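Heads up: the sequence shown begins at 3 in the numbering used here, then just goes up one per residue.
Reviewing the structure listed below.
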Amino acid sequence: MKNITFFFLCSSLLISQKNLIDNNNLKQGYWELYYPKTENIISEKGNFLDNKEQGYWVKFHKSGIVREILNFELGLINGTRILINKKGKIIEQENYSSNKLHGLQKYFHDTGKLKMEVNYNSGVLSGQFIKYYRNGKKQESCYYKEGMKDGKSIWFFENENISIEYPYEMGKINGIAKTFYSDGSLKSESTYLNNDLNGEEKSYYNSKKLKTKGFYRNGKKEGKWYTYNESGAIIEVNKYKNGVKK
């Protein structure tokens with residue numbers, strides 16, 4: 003993303019009088035605020051209505067580069083909020099409704115490339131969530147429902163092959179979770195129930211041959227666990243009771 007320079011021509015800001023306080027000691031009209039111990043370095047500017055921010059406010063880095071742009075309605079953030087780094091690149095682009103995140107939010111690496119896309123509904127995570135590596139490749143993808151992960155969550159290697167798959171049901175892992183080698187071949191399969199390992203687990207060599215096999219109960223190893231060599235022969239057997247090896 004290219005550096006962006008923002009130009010504002012806002013009549014509500016072009017007022018000869020500023021920093022006014024009315025007879026009720028309420029801030030009114032156009033205001034300029036300054037960095038501490040300075041008299042001419044503006045930190046932010048915008049309008050007040052009865053002591054509440056109203057309309058567009060612009061905040062600045064000490065260098066004078068715009069740092070943040072946001073819109074208020076009677077003191078509450080509404081609409082798009084943009085955060086900009088000292089190099090003039092957008093690093094956050096959020097959407098608000100009555101001071102709560104609402105809709106699609108975008109976050110960027112300092113290189114300007116997209117870092118994360120998140121969806122909210124009235125301040126609660128809802129919908130698709132995507133995270134990206136610095137090179138722009140997808141790192142993680144999942145869905146949220148009422149603030150909790152719901153459905154398949156997938157993590158990726160930088161070569162775009164799947165690294166991990168977890169099945170979620172309203173914030174809890176339920177079902178078969180899988181991990182993979184970077185070449186895409188299966189590395190392990192584990193069974194979950196309400197976030198705990200419950201059921202059979204298998205792991206595999208990169209050659210796709212079975213490596214280990216065993217069983218979990220309530221998050222602890224239970225019964226016989228087998229280890230195999232790549233020829234398929236059993237090379238080790240361990241027995242567990244309530245997670246303790248016998």
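Just so you know, even glycine gets a beta-carbon here, dropped at the ideal spot from N, CA and C.
This structure is a prediction, so every number in the text was calculated from the model and none was measured.
Which residues share a DSSP beta bridge with residue i?
i: Ala179; result: Ser192
i: Glu160; result: Glu160 pairs with nothing; no bridge assigned.
i: Phe57; result: Reading off the sequence shown, one finds Gly at residue 57, where the question assumed Phe. DSSP output for Gly57 lists Phe74 as bridge partner(s).
i: Gly186; result: None, per the DSSP bridge assignment.
i: Lys91; result: Beta-bridge pairing links Lys91 to no other residue.
Assuming the contact rule is C-beta atoms closer than 8 Å, residue i and residue j should be a hit. Round their C-beta distance to whole Å, please.
i: Leu72; j: Ile79; result: 6 Å
i: Gly105; j: Asn97; result: 4 Å
i: Lys200; j: Tyr218; result: Note on identity: in this sequence residue 200 is Asn, with Lys being the wrong assignment. About 6 Å; that satisfies the 8 Å criterion.
i: Glu34; j: Ile23; result: In fact, because the Cβ distance is near 14 Å, the residues do not count as touching under 8 Å.
i: Lys20; j: Phe50; result: Contact flag wrong, Cβ pair sits at about 10 Å.
i: Glu162; j: Lys180; result: Rounded, the Cβ-Cβ distance is 17 Å, inconsistent with contact.
i: Ser124; j: Lys102; result: 5 Å
i: Trp157; j: Glu142; result: 5 Å
i: Trp59; j: Glu46; result: 6 Å
i: Pro169; j: Lys189; result: About 17 Å separates the two Cβ atoms, so there is no contact after all.
Less than 8 Å between C-beta atoms, sequence neighbours within five positions excluded: which residues of the same chain meet that for residue i?
i: Lys115; result: Met3, Tyr134, Arg136, Asn137, Gly138
i: Phe9; result: Because the pLDDT of Phe9 is 39, which lies under 50, any placement of that residue in the model is unreliable, and the question is left without a value.
Near residue i, what residues of its chain come up, given a Cβ to Cβ distance below 6 Å and the 5 sequence neighbours on each side ignored?
i: Asn197; result: Lys174, Ile175
i: Lys248; result: Lys241
i: Glu94; result: Leu85, Tyr109
i: Lys54; result: Leu76, Gly77
So for residue i, helix, strand or coil by DSSP?
i: Glu96; result: strand
i: Leu212; result: strand
i: Asp198; result: strand
i: Tyr207; result: coil
i: Leu51; result: strand
i: Gly173; result: coil
i: Lys151; result: strand
i: Gly81; result: strand
i: Ile86; result: strand
i: Asn21; result: coil
i: Leu28; result: coil
i: Ile43; result: coil
i: Lys64; result: coil
i: Asn231; result: coil
i: Arg69; result: strand
i: Asn109; result: Sequence inspection shows Tyr at residue 109; the Asn mentioned does not correspond to that position. Of the three classes helix, strand and coil, the one that applies to Tyr109 here is strand, per DSSP.
i: Asn220; result: coil
i: Lys241; result: strand
i: Asn257; result: Any question about residue 257 goes unanswered here, given that the chain covers just 3 to 248.
Candidates the options: which alpha carbon is nearest residue i's?
i: Glu238; options: Gly221, Lys213, Thr40, Phe158; result: Lys213
i: Ser65; options: Thr82, Gly48, Asn87; result: Asn87
i: Gly186; options: Thr193, Ser165, Gln141; result: Ser165
i: Tyr36; options: Lys61, Lys210, Asn101, Gln107; result: Lys61
i: Phe159; options: Glu148, Asp152, Met118, Ser184; result: Ser184
i: Lys223; options: Glu203, Lys211, Gly234, Ser233; result: Glu203
i: Gly31; options: Ser192, Thr82, Lys211, Gln56; result: Gln56
i: Val120; options: Ile92, Ser99, Cys144, Asn208; result: Cys144
Enumerate in chain order the residues of its own chain whose CB-to-CB distance from residue i is below 7 Å, with the five nearest sequence positions on each side excluded.
i: Gly221; result: Asp198, Leu199
i: Tyr146; result: Leu127, Ser128, Gly129, Phe131, Asp152
i: Tyr260; result: Given that the chain is displayed from residue 3 to residue 248, the structure contains no residue 260 and the question cannot be resolved.
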